[in-house]
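Colleague: The structure's right below; bear with me while I get my questions together.
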């Protein structure tokens, strides 16, 4: 008998993705599970009869492959940072500060840990997607930052056909409202860089609202760590340079199907001279 917390896959989707059961409810006499991706920013639902529970060994293998892919990408990102010894000895660097709002506490914790491993000054706050528009202005006032991430879970609703309508998505409306509120606080797209969205989000609407980067151009799924890869490149690009759009997207897990953005100035500042202390 399946229960909340079990790791499952959907038979109808050839068991391609693993989910955790978040809730079980009855709808018109049918038992439906609300599912959360264990490595993707996706909320979905499925009849219990469509689900198969995964063995611990299968889950471990699935996560091990995912972690290895993320590790390899992080390694590439760090290795590609430009290092000039004679310049580095004289100057010091201050990467852009990061404020990460996330509707998923588990993903938030993982992202903050990864930011720190990458040498970034990052603060995370767990706020549900629906609450983010109500709280973003106060959060920004209390937590000065250069880059803000607004994410959690999203999804294109079953039975919907209009990809432009915000009514077709679980959380896109909230991301759009949050970006609008953030832009009322700071209209300058280079003074406050915004990433917003999750799986299958309404990319065009989020960008129009004022985000620098968003998901998902082709309404594909995005990885839990995709915002981290976007933010890292912005934070470590010098402020007198524009971030390379192709380069920043190529370094993500999902690529151009799931992520995109507009020309944006980097947030890395250099200081001189370097103190011996």
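Numbering (our numbering), first residue to last: 312 to 588. Quick reminder that beta carbons are idealized off the backbone N, C-alpha and C, glycines included. Note that this is a predicted model, so its numbers are computed, not measured.
Skipping 5 residues on each side, what residues in its chain have a beta carbon closer than 6 Å to that of residue 423?
Modeller: Correct list, in chain order: 433, 435.
Colleague: Measure the alpha-carbon distance for residue 474 versus residue 386 and round it to whole angstroms.
Modeller: Approximately 36 Å between the Cα atoms of the pair.
Colleague: Closer than 8 Å is the cut-off here; do at least three beta carbon pairs connect the stretch 508-526 with the stretch 345-364?
Modeller: Taking 8 Å as the limit for Cβ pairs, the verdict is that the stretch 345-364 does touch the stretch 508-526.
Colleague: Based on the DSSP secondary-structure assignment, which residues constitute the bridge partners of residue 516?
Modeller: Per DSSP, none; premise fails for residue 516.
Colleague: Is it right to say residue 390 is buried, meaning 16 or more other beta carbons lie within 10 angstroms of its own, or is it exposed?
Modeller: By the neighbour-count rule (16 or more Cβ atoms within 10 Å), residue 390 is not buried but exposed.
Colleague: What residue range does the alpha helix (DSSP H) around residue 318 cover?
Modeller: Element bounds for residue 318: not the alpha helix (DSSP H) but the beta strand (DSSP E), 318-321.
Colleague: Taking 7 Å as the limit between beta carbons, can you name the residues of its chain near residue 530, skipping five residues before and five after?
Modeller: Excluding residues within five positions, the ones whose Cβ falls inside 7 Å are 467, 474, 511.
Colleague: For the beta strand (DSSP E) that residue 411 lies in, which residues bound it at each end?
Modeller: Residue 411 -> beta strand (DSSP E) spans 409-413.
Colleague: Taking the alpha carbon of residue 527 as the reference point, which residue from 421, 429, 565 has its own alpha carbon closest?
Modeller: Closest option to residue 527, Cα to Cα, is 565.
Colleague: So the candidates are 535, 583, 541, 581; which of them puts its Cα closest to the Cα of residue 409?
Modeller: Checked all of 535, 583, 541, 581; the closest Cα to residue 409 is 541.
Colleague: Would you mind giving the Cβ-Cβ distance between residue 505 and residue 461, rounded to the nearest angstrom? I have them listed as a contact below 8 Å.
Modeller: Confirmed, about 7 Å.
Colleague: How would you call residue 365, buried or exposed, if buried means at least 16 neighbouring beta carbons within 10 angstroms?
Modeller: Buried, since its Cβ has 16 or more Cβ neighbours within 10 Å.
Colleague: Would you call the stretch 436-444 in contact with the stretch 481-499, where contact means no fewer than 3 C-beta pairs closer than 8 Å?
Modeller: Yes, the stretch 436-444 touches the stretch 481-499.
Colleague: Could you name the residues that DSSP lists as bridge partners for residue 434?
Modeller: Note: residue 434 sits in a beta bridge opposite 410.
Colleague: Would a C-beta distance cut-off of 9 Å place residue 522 and residue 572 closer than the cut-off?
Modeller: Taking 9 Å as the Cβ cut-off, residue 522 and residue 572 qualify as a contacting pair.
Colleague: Please state whether DSSP places residue 608 in a helix, a strand or coil.
Modeller: A query on residue 608 cannot be resolved here, the shown segment of the chain reaching from 312 to 588 and no further.
Colleague: I'd like the span of the beta strand (DSSP E) that includes residue 588, first residue to last.
Modeller: Counting along the chain, residue 588 falls outside any beta strand (DSSP E), and DSSP gives it neither H nor E.
Colleague: What does a CB cutoff of less than 8 Å around residue 430 pick up in its chain, not counting 5 residues either side in sequence?
Modeller: Taken in chain order, the residues that qualify are 406.
Colleague: Applying the 10 Å Cβ sphere with the 16-neighbour rule, what's the burial state of residue 588?
Modeller: Its Cβ having fewer than 16 others within 10 Å, residue 588 is exposed.
Colleague: Given this structure, state the Cα-to-Cα distance separating residue 380 from residue 538, to the nearest angstrom.
Modeller: Using only the alpha carbons, I get a separation of about 16 Å.
Colleague: What are the boundary residues of the alpha helix (DSSP H) that residue 403 is part of?
Modeller: Note, residue 403: premise wrong, no alpha helix (DSSP H); beta strand (DSSP E) at 403-405.
Colleague: Report yes if the C-beta distance between residue 545 and residue 438 is below 9 Å; otherwise report no.
Modeller: Result no, Cβ atoms of residue 545 and residue 438 do not sit closer than 9 Å.
Colleague: On the DSSP letters alone, give me the boundaries of the beta strand (DSSP E) that residue 424 sits inside.
Modeller: Not the beta strand (DSSP E): residue 424 falls in the alpha helix (DSSP H), residues 416-428.
Colleague: Assuming residue 331 contacts residue 347 under a Cβ cut-off of 8 Å, what Cβ separation, rounded to an integer in Å, is found between them?
Modeller: Going by Cβ atoms, the distance from residue 331 to residue 347 rounds to 5 Å, so yes, they are a contact pair.
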